[in-house]
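Structure first, commentary second.
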Amino acid sequence: MKIVFMGTPDFARESLEAVYNNGHEILAVVTNPDKPKGRGMKMVASPVKEFAVEKGLKIYQPEKVRKNEEFINEIKTLNPDVICVVAYGKILPQEILDIPEKGSINVHGSLLPQYRGAAPIQWAVLNGDKITGITTMYMGAGMDTGDMILKQEVEIGEDETTGELWGRLSKIGAELLVETLKQIEAGTAPRIPQGDDFTMAPMLDKEMAKIDWENKTAKEIKNLVRGLNPIMGAYTFLNGKKIKFWKVDLAEGIEENLELKNGTVIKSDKKDGIYIKTKEGVLKVIEIQGENAKRMSIQDYLRGNSINEFEIFE
Numbered sequence: 587m588k589i590v591f592m593g594t595p596d597f598a599r600e601s602l603e604a605v606y607n608n609g610h611e612i613l614a615v616v617t618n619p620d621k622p623k624g625r626g627m628k629m630v631a632s633p634v635k636e637f638a639v640e641k642g643l644k645i646y647q648p649e650k651v652r653k654n655e656e657f658i659n660e661i662k663t664l665n666p667d668v669i670c671v672v673a674y675g676k677i678l679p680q681e682i683l684d685i686p687e688k689g690s691i692n693v694h695g696s697l698l699p700q701y702r703g704a705a706p707i708q709w710a711v712l713n714g715d716k717i718t719g720i721t722t723m724y725m726g727a728g729m730d731t732g733d734m735i736l737k738q739e740v741e742i743g744e745d746e747t748t749g750e751l752w753g754r755l756s757k758i759g760a761e762l763l764v765e766t767l768k769q770i771e772a773g774t775a776p777r778i779p780q781g782d783d784f785t786m787a788p789m790l791d792k793e794m795a796k797i798d799w800e801n802k803t804a805k806e807i808k809n810l811v812r813g814l815n816p817i818m819g820a821y822t823f824l825n826g827k828k829i830k831f832w833k834v835d836l837a838e839g840i841e842e843n844l845e846l847k848n849g850t851v852i853k854s855d856k857k858d859g860i861y862i863k864t865k866e867g868v869l870k871v872i873e874i875q876g877e878n879a880k881r882m883s884i885q886d887y888l889r890g891n892s893i894n895e896f897e898i899f900e
C-alpha cells in the first residue's frame, strides 16, 4: 500500500522500519523539526528522520500541521492509501485524517481505552500495573478515541523501568502495525468501539518527580523511580543537596523503627548500601546520582560521599 508515515522518537522508528521492510510504498515521512541538544546545542534529527534519510525517503518537518494549507495540500497530492501515526507529537486536524481512502491509523502504547493520552507507557509503570500492551486504532477527532483494530497484551516486570518497557513495546508495536496494515489491505480489519470506560495518561511534569517521603509507601516510591527512569529521575534532598534515585527496591528483613520520621536512613553500609524508612516499608537504594555528578551504584557513591544513619531525606 501507499503510506504516509508520521512519527518522531525511537519508538516510532521501529514501526517505520518494519513498514519499510514489509514492502509498502512509503510516499513520505513526517516528523518533528530538528532540535538543539547537548552542551553545544547542536541541531539533532529525530530517530525517524535519521531512518528516512538513510533510505532516501521524502521528508516533511512542519512546525505546525493545523491551518497549514501548504502542508495539507502536499499530503493530499501524495494520495496515500493509509496514514500511519506513531508517537508523532502533534494533534492532527480532521482534514488530514480524512485524506487516505483506507483511513488514518495509530499505534498506541496501552490497552485502550485505558491510558488515552501522551504518556501511556510511563503511567502504567508509575501506577504499578502488572499488564499493559499495544493497541492499533483508527484515528478520530478525539484524543485516542477512535475504533480499535488489534491489541497485544504484555506483562510488566516487577523491576522494569519505563525505558525498558518502552523498548519492548516499540518492537511489539511495529509487528502489530504490520499485521494491521495486512488486514486493512485485505479488507478484514475489525472496527471495535472503545466504549466510555477509559482512563487518561497526561504528560508528565517535573513537580511529580519529587519523592514524598511523608505520604508514600516504599512500593509507591519504587514505582515512581521505575516510572521516571530514564525520563527525568525521581529526586529528593539531603542536607540541602539534590539527589536522584534511578534504581531502588523493597527491603526485607530490616526493622522499620516506627518512631523515626519517614525519609530517615535506618541503615548505611558501604558494601550493602542505604535503607530508608517510608510510610510503609523500607526502601533500598541501588543506583543514585549526586548533585552535579553521574549516575552510579550506591556502593560507588558511598566510597566518595557519606550518607549516615539517622540522616533524613527531605
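Everything in the sequence shown is counted per the numbering used here, starting at 587 for the first residue and increasing by one.
Quick reminder that beta carbons are idealized off the backbone N, C-alpha and C, glycines included.
Query	Result
Span of the alpha helix (DSSP H), counted from its first residue to its last, around ASN576	Since the first residue shown for the chain is 587 and the last is 900, residue 576 is missing from the structure and cannot be characterised.
Backbone CA spacing between PHE657 and SER632 [nearest angstrom]	19 Å
Extent of the continuous alpha helix (DSSP H) run through THR594	From DSSP, THR594 is part of no alpha helix (DSSP H); its letter is neither H nor E.
Any 3 or more C-beta pairs closer than 8 Å across the stretch 771-785 and the stretch 730-737	yes
GLY867 and ALA820 closer than 9 Å at C-beta	no
Cα-Cα separation between ALA704 and ASP715, rounded to whole angstroms	17 Å
The beta strand (DSSP E) enclosing ARG881, as first and last residue numbers	881-883
Cβ-Cβ separation, LEU664 to VAL616 (assumed contact under 8 Å), whole Å	That belief does not hold up - the Cβ atoms of VAL616 and LEU664 are roughly 10 Å apart, past 8 Å.
Presumed contact (8 Å Cβ cut-off) between TYR646 and GLU655, rounded CB distance	About 14 Å; that fails the 8 Å criterion.
Option in LEU763, PHE637, LYS870, GLY813 with minimal Cα separation from ASP835	LYS870
ALA614, enclosing alpha helix (DSSP H) - first and last residue	Taken as a continuous stretch (DSSP letters only), ALA614 belongs to no alpha helix (DSSP H), being part of the beta strand (DSSP E) at 611-616.
Which residues DSSP lists as bridging ASP791, in chain order	Answer is none; ASP791 lacks a bridge partner.
Whole-Å CB distance - TYR674 paired with THR594, under 8 Å assumed	6 Å
Secondary structure of ASN607, DSSP reduced to three states	helix
CA-to-CA distance, MET786 to ALA614, given in whole angstroms	31 Å
Whole-Å CB distance - ILE874 paired with ILE829, under 8 Å assumed	6 Å
Per-residue burial, ARG812 [other beta carbons within 10 Å of its own, 16 or more giving buried]	buried
Contact check, LYS833 vs ASN815, beta carbons under 9 Å	yes
N-terminal and C-terminal residue of the beta strand (DSSP E) that LEU736 is part of	734-741
Start and end residues, alpha helix (DSSP H) containing ASN659	655-664
8 Å Cβ shell around GLY826 - same chain, five flanking residues per side excluded	none
Per-residue burial, PHE896 [other beta carbons within 10 Å of its own, 16 or more giving buried]	exposed
Segment limits, alpha helix (DSSP H) that includes VAL764	748-772
Residue span of the beta strand (DSSP E) that contains PRO622, given as start and end	621-623
Length at least 4, wholly inside the stretch 676-717: the alpha helix (DSSP H) runs in chain order	680-683, 706-712
First through last residue of the alpha helix (DSSP H) which encompasses LYS641	633-641
Length of the line joining the Cα atoms of GLY609 and LYS768	11 Å
Beta strand (DSSP E) segment containing ALA775, residue limits	Where ALA775 is concerned, there is no enclosing beta strand (DSSP E), given that its DSSP letter is neither H nor E.
Sub-9 Å separation of LYS650 and ILE685 beta-carbons	no
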